[in-house]
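Here the protein sequences line up with chains A and B, keeping their order. This note's numbering numbers the first residue of the first sequence as 541 and each following residue consecutively. This note's numbering numbers the first residue of the second sequence as 309 and each following residue consecutively. Don't be surprised by glycine CBs; every beta carbon is placed ideally from N, CA and C. Presented below is the structure to which this report refers.
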Amino acid sequence: MCTTCGCGQGETKINGGTVHTHEHGHTHKHGHTHEHGHSHAHASGLSQSRMVQIETDIMAKNDEYAHANRHYFNDRGILALNLVSSPGSGKTTLLTTTIDGLKNELDMTVIEGDQQTANDANRIRETGARAVQVNTGKGCHLDGHMIGHALETLAPKPASVVFIENVGNLVCPAGFDLGEAHKVAILSVTEGEDKPIKYPDMFHASDLMLLNKIDLLPYLNFDVEKCIEYARRVNPKIKVLQVSATSGEGMESWYQWLRATRQISLINQV
Amino acid sequence: MHEMALTEGILLVLQDQAKAQNYKRVKTVWLEIGELSHVDPDAIRFCFEAVTRDTIADGAVLEIDRLPGMAWCHHCTQAVNISKLADPCPICDGYQLQVTNGQDMRIRELEVD
């Protein structure tokens with residue numbers, strides 16, 4: 541286990557390379573001998589069992605990293621957004637369209653999270669924006685530690701916007717603060733309107749829901765009003781915007797939200 | 309399954325505390341997991357056994373207390389119990405709820421040698 545930053549994520553790779561070089565000596569050659577013949581016996585009369593109160597939050601380690609990332613963003617007036625959704629909701633297309641639409645007014649970079657491949661980072665780079673690919677290996681979510689290392693490579697400019705595209709998964713990323721200003725949930729209308737109540741943690745944790753692929757609504761039995769009602773059941777304060785990253789419909793309202801939210805980040809800069 | 313990552317985090321805390329609190333073995337771990345937190349206690353139990361094998365907590369008993377979920381109902385203007393995030397207010401059946409308790413996940417105490 542790395543003592544510098546607690547790094548034990550042996551499978552995580554950033555732009556194809558290992559997270560960093562401290563040689564954590566996890567040789568793991570313990571052959572599970574299990575010959576301990578109930579060594580409790582040795583303790584008769586000498587047992588020094590005692591209670592230790594520790595009152596430690598299970599997320600404390602992640603939250604420390606997230607806190608450091610948040611400081612990094614705040615110090616530089618950077619708006620960081622954590623984009624969460626199921627696989628196939630159209631996150632990457634939403635990002636490439638957004639970058640194309642706003643590249644003359646905003647500096648935008650992307651941290652791409654996927655278990656494998658650099659395909660999504662490559663798609664982002666085709667727009668001209670810089671991107672860092674984090675491969676989580678078997679990991680089902682990005683965590684604060686991975687983002688800290690990704691920022692070392694990405695080095696976003698002050699007053700820029702960093703999009704963090706999380707691993708496609710509506711469950712696990714909900715609980716991991718990355719230091720972002722907001723989680724943005726993307727739900728495509730091909731998925732079924734009851735996703736917000738099937739996966740309430742994610743919609744509870746998000747401040748904005750982008751209802752994507754609305755150009756397909758004429759071909760589907762998707763009840764938009766019902767979907768928004770479900771989202772507000774688990775999060776009465778969630779904002780909802782309806783967009784299509786391919787037709788461009790509704791994208792201007794998302795851009796306005798981005799501009800306004802970025803202004804707030806600049807005001808909050810410490 | 310993010311419970312694996314969380315359980316590895318629990319083990320890290322046990323190992324860190326071993327130095328600070330001067331113990332060599334963990335016999336029992338008491339966790340508090342809120343009803344509205346994002347983890348499944350059974351998954352934590354499953355992962356705990358796997359993650360702690362051949363560590364200072366090998367064979368340790370895991371006790372999990374569930375903390376009740378509570379929310380403030382803006383319609384009823386009072387605190388109410390809910391056990392899931394998508395639950396309505398038990399009084400007015402509405403959803404104008406702001407969660408106040410039950411999202412925490414903590415390691416409360418340990419029995420150690």
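Could you work out which residues of chain A lie near glutamate 371 of chain B, taking near to mean beta carbons separated by less than 9 Å? Those within 9 Å of glutamate 371 of chain B in chain A number zero; the least Cβ separation is about 12 Å.
Taking all protein chains shown into account, decide if aspartate 734 of chain A is buried (16 or more other Cβ within 10 angstroms of its Cβ) or exposed. Classification of aspartate 734 of chain A: exposed, given that the 10 Å Cβ count is below 16.
Would valine 347 of chain B and glutamate 311 of chain B be called neighbours here (beta carbons separated by less than 7 Å)? Cβ distance < 7 Å, so valine 347 of chain B and glutamate 311 of chain B count as in contact.
Decide yes or no for the touch test of the region 668-685 of chain A against the region 709-723 of chain A: beta carbon pairs closer than 8 Å, at least 3 of them. By the Cβ rule, the region 668-685 of chain A counts as touching the region 709-723 of chain A, because three or more pairs are nearer than 8 Å.
So, does the CB of glutamate 417 of chain B fall closer than 7 Å to a CB anywhere in chain A? Closer than 7 Å: yes.
Would a check of beta-carbon distances place alanine 317 of chain B closer than 7 Å to chain A? Here residue 317 of chain B turns out to be glycine, not alanine, going by the sequence shown. By this cut-off, glycine 317 of chain B is an interface position.
Quick check: the Cα distance between methionine 413 of chain B and isoleucine 352 of chain B, rounded to an integer number of angstroms? Cα to Cα, the separation comes out at about 11 Å.
Using DSSP with H/G/I as helix, E/B as strand and the rest coil, what is serine 626 of chain A? Residue state, collapsed to three classes: coil.
Assigned secondary structure, cysteine 820 of chain A (DSSP; H/G/I helix, E/B strand, else coil): It is not possible to answer for residue 820 of chain A, since the shown part of chain A is limited to 541 through 810.
By how many angstroms is the C-alpha of leucine 375 of chain B removed from the C-alpha of aspartate 421 of chain B? Going from the Cα of aspartate 421 of chain B to the Cα of leucine 375 of chain B covers about 28 Å.
Alpha helix (DSSP H) containing arginine 333 of chain B: first to last residue? The continuous stretches of alpha helix (DSSP H) do not include arginine 333 of chain B, and DSSP gives it neither H nor E.
Note down, in chain order, all residues in the region 586-614 of chain A with a beta-carbon under 9 Å from any beta-carbon belonging to chain B. Result list: Ser587, Gln588, Ser589, Arg590, Met591, Val592, Gln593, Ile594, Glu595, Thr596, Asp597, Ile598, Met599, Ala600, Lys601, Asn602.
Drop a sphere of 10 angstroms on the beta-carbon of histidine 383 of chain B, count the other beta-carbons inside from all chains shown, and report buried for 16 or more, exposed for fewer. The residue is exposed, with fewer than 16 neighbouring Cβ atoms inside 10 Å.
Going by the CB atoms, is the gap between glutamate 652 of chain A and aspartate 660 of chain A shorter than 7 Å? With contacts defined as CB atoms closer than 7 Å, aspartate 660 of chain A and glutamate 652 of chain A qualify as a contacting pair.
Check the Cβ of histidine 681 of chain A against every Cβ in chain B and list those closer than 9 Å, keeping chain order. Residues of chain B whose Cβ lies closer than 9 Å to the Cβ of histidine 681 of chain A are, in chain order, His310, Ala313.
If we count the other Cβ atoms within 10 Å of its Cβ and call it buried at 16 or more, is tyrosine 331 of chain B buried or exposed? Result: buried.
At least one CB of chain A closer than 7 Å to the CB of leucine 393 of chain B: is that the case? With respect to chain A, the C-beta atom of leucine 393 of chain B has a partner C-beta closer than 7 Å.
Residue-chain proximity (methionine 413 of chain B, chain A), Cβ-Cβ < 7 Å: Any Cβ of chain A closer than 7 Å to the Cβ of methionine 413 of chain B would place that residue at the interface, and such an atom is present.
Within 7 Å of any Cβ in chain A, is that where the Cβ of asparagine 409 of chain B sits? By this cut-off, asparagine 409 of chain B is not an interface position.
Give a yes or no on whether the C-beta atoms belonging to alanine 368 of chain B and valine 407 of chain B are separated by under 7 Å. Going by C-beta atoms, alanine 368 of chain B is not nearer than 7 Å to valine 407 of chain B.
Assign threonine 558 of chain A to one of three DSSP states: helix, strand, or coil. Strand, per DSSP.
For a test of the three-state rule: what should DSSP assign to arginine 361 of chain B, helix, strand or coil? In this structure, arginine 361 of chain B counts as coil in the three-state DSSP scheme.
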